[in-house]
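Going letter by letter, the sequence shown gives residues 2 to 88 in my numbering.
A short worksheet on the structure shown next.
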Amino acid sequence: MNQLPVLALRDVVVYPETVVPLFVGRQSSMAAVRYAQEMSGELLLVSQRQAATEAPERSDLYEVGTRANILQMLSLPDGTIKVLVEG
Numbered sequence: 002m003n004q005l006p007v008l009a010l011r012d013v014v015v016y017p018e019t020v021v022p023l024f025v026g027r028q029s030s031m032a033a034v035r036y037a038q039e040m041s042g043e044l045l046l047v048s049q050r051q052a053a054t055e056a057p058e059r060s061d062l063y064e065v066g067t068r069a070n071i072l073q074m075l076s077l078p079d080g081t082i083k084v085l086v087e088g
């Protein structure tokens, strides 16, 4: 079984076979995206139960997510990342 980096999403659900731009700003989330890009380019997108949770734990996430491929990644001037993913 493959292990993928997990990206916790706030107020968004990415479905299979959809292309979605995501803006990533949390340090842990940016690290997950960068790691995924360096490895296979795949990550697991899972929505948070409460968007206000700053450092979500496993129990703060829904049980079902979407395996996604990184299509494009761009570092923005404010230090965040814009990543285009396909579920």
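By construction, the Cβ of each residue, glycine as well, lies at the ideal position given by its N, Cα and C atoms.
In this text the structure is predicted, and so the values were computed from the model without any measurement.
| query | Should the stretch 40-57 be called in touch with the stretch 5-25, which here means at least 3 C-beta pairs below 8 Å? | reply | yes
| Tell me which same chain residues have a C-beta within less than 7 Å of the C-beta of Ser-76, skipping the five on either side of it? | These residues qualify, in order along the chain: Ile-82.
| field | Rounded C-alpha distance that separates Val-86 from Leu-23 | value | 8 Å
| Comparing alpha-carbon positions, which option in Pro-78, Met-74, Val-84 and Ala-69 lies nearest Tyr-16? | Ala-69
| said: Can you tell me where the alpha helix (DSSP H) holding Val-34 begins and where it ends? | reply: Run containing Val-34: 28-39, per the alpha helix (DSSP H) assignment.
| task | State buried or exposed for Val-78, treating a residue as buried only when at least 16 other CB atoms are found within 10 Å of its CB. | result | Reading off the sequence, residue 78 comes out as Pro, not Val. Exposed is the call here.
| query | Which residues in the same chain have their Cβ closer than 7 Å to the Cβ of Pro-57, if we skip the five residues on either side of it in sequence? | reply | If we look at Pro-57 and ignore the five residues flanking it on each side, its Cβ neighbours are Ala-9 and Gln-49.
| When the Cα atoms are used, what is the spatial distance from Arg-35 to Gly-26? | C-alpha separation (whole angstroms): 12 Å.
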